[in-house]
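Contents: one structure, followed by commentary.
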Amino acid sequence: MPLIQLRSEYPFGLIKAWSYFRAERSYLVYPNPIASNWQLEQKEVNDTGDAEIESSSPTLGERNFDGIKPYVPGAPLSNVAWKQVAKQPDSPLLLKSFETPVTVPVSLSFDSVPAQIAETAISQLTSACLELHDDSRPFGLDLSRGSHISSRIDVGSGKEHLKLCLEALATCK
Numbered sequence: 016m017p018l019i020q021l022r023s024e025y026p027f028g029l030i031k032a033w034s035y036f037r038a039e040r041s042y043l044v045y046p047n048p049i050a051s052n053w054q055l056e057q058k059e060v061n062d063t064g065d066a067e068i069e070s071s072s073p074t075l076g077e078r079n080f081d082g083i084k085p086y087v088p089g090a091p092l093s094n095v096a097w098k099q100v101a102k103q104p105d106s107p108l109l110l111k112s113f114e115t116p117v118t119v120p121v122s123l124s125f126d127s128v129p130a131q132i133a134e135t136a137i138s139q140l141t142s143a144c145l146e147l148h149d150d151s152r153p154f155g156l157d158l159s160r161g162s163h164i165s166s167r168i169d170v171g172s173g174k175e176h177l178k179l180c181l182e183a184l185a186t187c188k
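Residue numbering for the sequence shown follows the working numbering, beginning at 16 and increasing consecutively.
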């Protein structure tokens, strides 16, 4: 295993400390996430993997009113139709129902980030992967640049998918 030097410098170089470290096993270090205010490129993907529709909204049909239904024990009180309760206090509780949001898969690539420097772009892609995973949104990752294909990960979600994407970003050249 190679010898690794770890260094730390206090501002203005007043204090410097270093140490040498030889690892007994291999480690994979994920890129440092850097948040940016760029719009994620979103494409609805059909069964063959071809992009069909581009969209700029994160979800379609989010919180669209669908109708009123009878109250179910355990349902959130925020969905109770309180106006109906106020009009007819003796009637049973009613719930407002909403359409289930349709999630559009997101396609992440080097072209979708504003950074010109490869390391910054990788950090921004890492931040986007973590954000999409936290929102439980499916996403794919394409790390090809020009004619050199580095790595392509199909649309997916979950912890294993996130781990696969972070490993691809960590080993990207």
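Each residue gets a CB set at the ideal place from its N, CA and C atoms; glycine is no exception.
Only a predicted model underlies this, so the values are computations on that prediction, with no experimental measurement involved.
Residue i (DSSP reduced to helix, strand or coil)
| i | result |
| --- | --- |
| Ile137 | helix |
| Ser151 | coil |
| Asp126 | helix |
| Leu109 | strand |
| Ala32 | strand |
Whether residue i touches residue j by CB criterion (8 Å)
| i | j | result |
| --- | --- | --- |
| Pro153 | Val170 | yes |
| Ser122 | Gly155 | yes |
| Ala143 | Pro46 | no |
| Gln139 | Ala130 | yes |
Closer than 7 Å: residue i CB and nearest the ligand ZN heavy atom
| i | result |
| --- | --- |
| Gly28 | Ligands displayed in this structure: none; no statement on the ligand ZN is therefore possible. |
Inter-residue spacing [alpha-carbon to alpha-carbon] between residue i and residue j
| i | j | result |
| --- | --- | --- |
| Leu177 | Ala38 | 26 Å |
| Ala90 | Ile30 | 59 Å |
| Pro48 | Ala183 | 14 Å |
| Ala50 | Pro107 | 48 Å |
Element boundaries [alpha helix (DSSP H), containing residue i]
| i | result |
| --- | --- |
| Gln99 | 97-102 |
| Glu24 | Segment 18-24 is the beta strand (DSSP E) holding Glu24; no alpha helix (DSSP H) there. |
Cβ shell of residue i (< 7 Å), same chain only, five flanking positions each side left out
| i | result |
| --- | --- |
| Asn94 | Leu110, Lys111 |
| Trp33 | Gln20, Leu21, Arg22 |
| Leu179 | Ile168 |
N- and C-terminal bounds of the beta strand (DSSP E) containing residue i
| i | result |
| --- | --- |
| Lys178 | No beta strand (DSSP E) holds Lys178; the alpha helix (DSSP H) holding it covers 174-185. |
| Gly82 | 80-85 |
| Ser166 | No beta strand (DSSP E) holds Ser166; DSSP gives it neither H nor E. |
Same chain only: Cβ atoms within 6 Å of residue i, ignoring 5 sequence neighbours per side
| i | result |
| --- | --- |
| Phe125 | Ala136, Arg160 |
| Leu145 | Pro48 |
| Ala96 | Ile83, Leu109, Lys111 |
Spatial neighbours of residue i in its chain, beta-carbon cut-off 8 Å, leaving aside the 5 residues before and after
| i | result |
| --- | --- |
| Asp65 | With a pLDDT of 48 at Asp65, under the threshold of 50, the modelled position of this residue cannot be trusted; read the value that follows with caution. Contacts found: none. |
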